[in-house]
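*Asks:* Just passing along the structure, written as structure tokens.
There are 4 protein chains.
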Amino acid sequence: MSTNDHKWFIEHTSPSTAHMFGVKDYLKSFRTRFQQVEIAESFFFGRILIIDGKIQSSELDEYIYHEALVHPAMLMHEAPRSVLVIGGGEGATLREVLLHPTVERAVMVDIDQEVVDLCKEYLQDWHRGSFDDPRTELLHLDARQYLEDHADRFDVIIGDLPEPVEAGPAQKLFTRQFYQLINRRLNEGGILALQAGDFSITFMDAHSAIYNTIKQAIAEVHSYRAYIPSFNTDWSYIVASKDKKPACLEPAEIDRRIRERGMQLKFYDGETHRGMFAVPRDLREKRDAKTTVIDDKNLISIY
Amino acid sequence: MSTNDHKWFIEHTSPSTAHMFGVKDYLKSFRTRFQQVEIAESFFFGRILIIDGKIQSSELDEYIYHEALVHPAMLMHEAPRSVLVIGGGEGATLREVLLHPTVERAVMVDIDQEVVDLCKEYLQDWHRGSFDDPRTELLHLDARQYLEDHADRFDVIIGDLPEPVEAGPAQKLFTRQFYQLINRRLNEGGILALQAGDFSITFMDAHSAIYNTIKQAIAEVHSYRAYIPSFNTDWSYIVASKDKKPACLEPAEIDRRIRERGMQLKFYDGETHRGMFAVPRDLREKRDAKTTVIDDKNLISIY
Amino acid sequence: MSTNDHKWFIEHTSPSTAHMFGVKDYLKSFRTRFQQVEIAESFFFGRILIIDGKIQSSELDEYIYHEALVHPAMLMHEAPRSVLVIGGGEGATLREVLLHPTVERAVMVDIDQEVVDLCKEYLQDWHRGSFDDPRTELLHLDARQYLEDHADRFDVIIGDLPEPVEAGPAQKLFTRQFYQLINRRLNEGGILALQAGDFSITFMDAHSAIYNTIKQAIAEVHSYRAYIPSFNTDWSYIVASKDKKPACLEPAEIDRRIRERGMQLKFYDGETHRGMFAVPRDLREKRDAKTTVIDDKNLISIY
Amino acid sequence: MSTNDHKWFIEHTSPSTAHMFGVKDYLKSFRTRFQQVEIAESFFFGRILIIDGKIQSSELDEYIYHEALVHPAMLMHEAPRSVLVIGGGEGATLREVLLHPTVERAVMVDIDQEVVDLCKEYLQDWHRGSFDDPRTELLHLDARQYLEDHADRFDVIIGDLPEPVEAGPAQKLFTRQFYQLINRRLNEGGILALQAGDFSITFMDAHSAIYNTIKQAIAEVHSYRAYIPSFNTDWSYIVASKDKKPACLEPAEIDRRIRERGMQLKFYDGETHRGMFAVPRDLREKRDAKTTVIDDKNLISIY
């Protein structure tokens, strides 16, 4: 028995299921104006960020989460120049966006400055200087307010928001009205990508509702997924565009574009892409059976 | 607080990571000659089978595990007539095999009769009468001994064995010598499929070692994977054959064969297959870097 | 990591405090007509009995619990001939009662025959034949009904009931009316003893309420306590009589009576008695500040 | 499910037993030169201090621990003028010592300045200004070295040390040689009191060994105990002197001395004292059967 194996982060996924993570040290643990936030040093996954009791990313596998979120949309677009990141406090989504040499402007809007400041200090392996990139504009605003107040349009918009927990700051960023607003802020050929929660037969209500809701606002919508070890589950993403069909990009074409842009990736490539966009039959059926539309007047919150 | 939320199955995956499952009732809990076995009624996943502290399958998602294990190999073969199942005590692997109308003979060899008898009684939703099918031959022998003693050859051999824990009964069924023996017991065009442990960057040593070991014995070897909710991870499988290339089967062809054989599946189809066989880049690299060969004189055991 | 360290009994004492017990095997786990019952083989405490998620007694320390419950009352009485045990399904309270050679009749009333039958089969080290003693009368009735229907009086009445959980069978056996009934069924010089829940500054509401309630019905009431390792807390008892002052028995007199009755005890003797009846100041004050009276129309239930 | 019920402190007491404490926030978590230290805000017990994975004291019940440690020895002595506290980083032992108006000099020697500084900042309800009392001398030295280098003698010496874990700083402060040194530093009529670990039939090896060891060095030795809710167990103390018999002080005399010194206590008084010093029979027997003597060349360490 060592002298430091007594601190555990227990992430409940239902009243009778949970994951346990041994924690070496809690580097920070406090409430911002919006959320309960922790930075912990876990034994297994290295440094982890926890918001409202849910792990957001881990040192060991954040590259999977962030490559999966960013690159399909960015590569489907032939030359993304302007990108908007909503949320993404760790700075790693921004980091992956900036890998694309076509990018001239990357706006990041995250409401919670306290979280971003914390990440700047404690998660340097996440952002790696991306906040200081001359192409970056960092704003601490409500993303919806920002989009309503600014008529700027983007080639790619990426949503990297915590899940919509009861009364959390992200609840109004998953509604039909919000996606319609996003559609108006996308350039021709523009693409939206976002993380959309668990993707398994046991937990996919959030995914299905978001998927169905985006369909009301944007023409072409696809689910995809990646297994994130620290989440202990396949995780879902959604990509949406007026006219692009991401699943139709052949692996060889994806590999070609990655080379062309001179990027070194660890998780994502053509074969990875093919696997991500091929969704198992039971998930497709369960997703497509869902008729919920999230509306400003009919919000959802997850466990 | 209810009066029955105090029994937990805690599955450690490392000293500092674990999954918790709330248990309604332990229906059985005992040691066979070979293994510690439990049948539990869990709140979330329904009935579960636990061997040596590791969940083997759950009522809620066993169809994923078993469809993924059986159908790729069975459908790659144009007309599998004789099938050997090694392990598979629940009877669900056998059940999926028998769905294929071409099958004339299905031999199942599971060393632990106590486990099989337990499954017969408690896991009726798993086997659904497959033990009583006239095509079935059920034997309680060491599978290696059986293959050495019998010269019968098979179109498909399926390995559904618990992981090779220290001194467990399955340790000698993961070696180069064993796979060479299997190769000799496969008909021309014959195919081996087996479950091969966790498949994530954090846990894939067993998969990589098994994959590399099979390569020493059988010409064509492929990894594939499925996310199993009750395992909390992507799970790996391996399919091996002298001359078939499973990843080359196009989705449309798989769907055609399923229709042709008149099978109703929940998880597996052409698109599912495509997703399963497209392995992410980081896993491919980590797998291919492994040079371990499991030998009768160099056994492995997993945590 | 052994192959059998995955089953845990987690006893919550509040939403944010709990005790964990590693379980080797669940020998039985089922619902009787009244309660959720388990017999488990724990690694640390040996066999344990769990009712409605709360440990009732353990092989390792049941002697402390039962000696503490039975002997103060039995020894305060100079010659107890007739004894009534209410509850006490394990048979160990009965066992301690029968150690006193003066006893001619021991009636045990436990409503839940399924629990008693289970204990007969699985807890032989608890009852040790006491159910078969010719002085024993075992009845499966509601204790309150029994006392109302029978005018028999007793020298000592011992309450060994699970705590009054919501809608549990014992809720009406902790009320003022019930204690008044008991008072009428006590002979002159008769004594009531009962277990009365946790006894610590953090958990003693049940104790205080029961103590205060008995005071409304029986003249002389005393709290006492013993530390029970498997309960992880000091546990409280109450002894009540018309005219005896248990705390006034000097250690030497208790030791003399034990010798006189020829009993071999492990936990209880004169010095133990002195320690049990000397209640710390903070507990006395907290107990005495409580004005709750449990009434048939004002039941309590504990967490 | 609230957004902040995911941090748990799990204190293992054996491989198969543990206590769980829900933690609101970890205020500090780091390694000093000697120990792993945490200050946490727990939901149930308020602020807690954890050293090397073991809870040292809690806001809710530290008064029990510290009154029990300090006052028996201080009141047995008719007029304690000089007191030495060894360890006691929280400052609460010092606080209780300074309540006695006879005290003119209180030396506190705690090797770990980082812990003391932390307690000064975070545990103000513990020390309440005692570090600033003009009678206090605070030194950060190895206590053994201090006693060897200084010939000063004391009326009362109080040991408030963490348990002797493997290679911990306190291992050499529980040996025969150390107690002999203490004996030489006690004035005539001087008294030693110390905490001595768990006191239950399941965990009392440390207590028994310390008790037996002190007997080799100081003539009159007594065990006593108090239940500490946040420790989930009866806790043991030992008081030793050349000529005083603490158990012989009658409750009335203790109450008289407390009044005489004008002290307001919450836990300790005459009746409490009586209960503390009356040790149950099984513990006495188990303690007295132990023959271990802890020697500089035969150290012990606890789980």
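Those sequence lines, one after another, are chains A, B, C and D.
Under our numbering, think of the first position of the first sequence as 1072, with each following residue one higher.
Under our numbering, think of the first position of the second sequence as 1072, with each following residue one higher.
Under our numbering, think of the first position of the third sequence as 1072, with each following residue one higher.
Under our numbering, think of the first position of the fourth sequence as 1072, with each following residue one higher.
Every residue, glycine too, gets a C-beta built ideally from N, C-alpha and C.
#1: Hey, out of D:E1234, D:P1235, D:P1240 and D:A1214, whose CA is closest to D:I1228's CA?
#2: For C:L1189, tell me which candidate among C:L1232, C:T1246 and C:Q1107 has the shortest Cα-Cα distance.
#3: Since I believe C:F1270 is in contact with C:L1354 (beta carbons under 8 Å), could you give me their beta-carbon distance rounded to a whole number of angstroms?
#4: Please look up how many angstroms separate the CB atoms of A:G1230 and A:Q1184, rounded, as I've assumed it's under 8 Å.
#5: Using 8 Å as the Cβ pair cut-off and three pairs as the minimum, do the stretch 1244 to 1256 of chain A and the stretch 1272 to 1285 of chain A touch?
#6: Residues of chain A with a CB under 7 Å from the CB of B:M1091: which are they?
#7: Which of the three DSSP states is assigned to C:A1089 in this structure?
#8: If you draw a straight line from the C-alpha of B:G1117 to the C-alpha of A:S1087, how long is it?
#9: Helix, strand or coil: which one does DSSP assign to A:G1333?
#10: Measure the C-alpha to C-alpha separation of D:R1152 and D:D1314 and round it to an integer number of angstroms.
#11: Return helix, strand or coil for D:D1039, following the three-state DSSP convention.
#12: Is the beta carbon of C:I1371 closer than 8 Å to that of C:A1277?
#13: Pull up the DSSP beta-bridge partners for D:K1125, would you.
#14: Sorted by chain position, which residues of the same chain lie with C-beta nearer than 6 Å to C:L1155's C-beta, five sequence neighbours on each side aside?
#15: Assign B:A1214 to one of three DSSP states: helix, strand, or coil.
#16: Quick one: is D:N1075 near chain A, going by C-beta distance under 8 Å?
#17: Are the stretch 1330 to 1343 of chain B and the stretch 1341 to 1354 of chain A in contact at 8 Å, needing three or more beta carbon pairs?
#18: How many angstroms separate the CA atom of A:P1143 from the CA atom of A:Y1308?
#19: Give the DSSP bridge partners of D:Y1298, in chain order.
#20: In chain C, which residues lie with their C-beta within 9 Å of the C-beta of D:N1258?
#21: Below 8 Å between beta carbons: does that hold for C:F1249 and C:H1293?
#22: Taking a Cβ distance cut-off of 7 Å, strictly less, list which residues of the stretch 1345 to 1367 of chain D are near chain C, in chain order.
#23: Return yes when the Cβ of C:D1196 is within less than 8 Å of the Cβ of C:E1130, no when it is not.
#24: Which residues share a DSSP beta bridge with D:H1380?
#25: In chain C, which residues lie with their C-beta within 8 Å of the C-beta of B:E1082?
#26: Contact between the stretch 1094 to 1111 of chain C and the stretch 1097 to 1104 of chain B is defined here as three or more beta-carbon pairs at a separation below 8 Å; is this criterion met?
#27: Does chain C have any CB closer than 8 Å to the CB of B:D1183?
#28: How far does the alpha helix (DSSP H) with D:G1346 in it reach, from first residue to last?
#29: Under 7 Å Cβ-Cβ, which residues of chain D neighbour A:Y1097?
#30: Alpha carbon to alpha carbon, how far is A:I1122 from D:M1072? Give it in angstroms, no decimals.
#31: With 8 Å as the C-beta to C-beta threshold (strictly closer), list the residues of the stretch 1277 to 1294 of chain C near chain B in chain order.
#32: Assuming B:F1105 and B:P1240 are in contact, meaning their beta carbons sit under 8 Å apart, how far apart are those beta carbons, in whole angstroms?
#33: Here's a check: name, in chain order, each residue in its chain whose Cβ is nearer than 8 Å to the Cβ of C:T1074, leaving out the five neighbours to either side.
#34: Applying a beta-carbon distance threshold of less than 9 Å, which residues of chain B neighbour A:D1196?
#35: Are the C-beta atoms of A:S1307 and some chain B residue less than 8 Å apart?
#36: Can you tell me which of the three DSSP states D:L1370 falls into?
*Replies:* So, from the listed chains and residues:
#1: D:A1214
#2: C:Q1107
#3: 6 Å
#4: At roughly 19 Å, the Cβ-Cβ gap does not stay under 8 Å, so A:G1230 and A:Q1184 are not in contact.
#5: yes
#6: T1088, A1089 and M1091
#7: strand
#8: 11 Å
#9: coil
#10: 18 Å
#11: Look at the range of chain D in this structure, 1072 to 1374, and you will see that residue 1039 of chain D is not part of it.
#12: yes
#13: D:I1122
#14: V1178, F1225 and I1228
#15: helix
#16: yes
#17: yes
#18: 10 Å
#19: D:D1305
#20: None at all; the shortest Cβ gap to chain C is about 30 Å.
#21: no
#22: R1345, G1346, A1349, V1350, P1351, R1352 and D1353
#23: yes
#24: Nothing about residue 1380 of chain D can be reported from this structure: the residues present for chain D run from 1072 to 1374 only.
#25: H1077
#26: yes
#27: no
#28: G1341 to F1348
#29: Y1097 and S1100
#30: In this prediction, D:M1072 scores a pLDDT of 43, lower than 50, which makes its location untrustworthy; the coordinate-derived value is nonetheless stated afterwards. Computed Cα separation, rounded: 14 Å.
#31: none
#32: 4 Å
#33: none
#34: None at all; the shortest Cβ gap to chain B is about 16 Å.
#35: no
#36: coil
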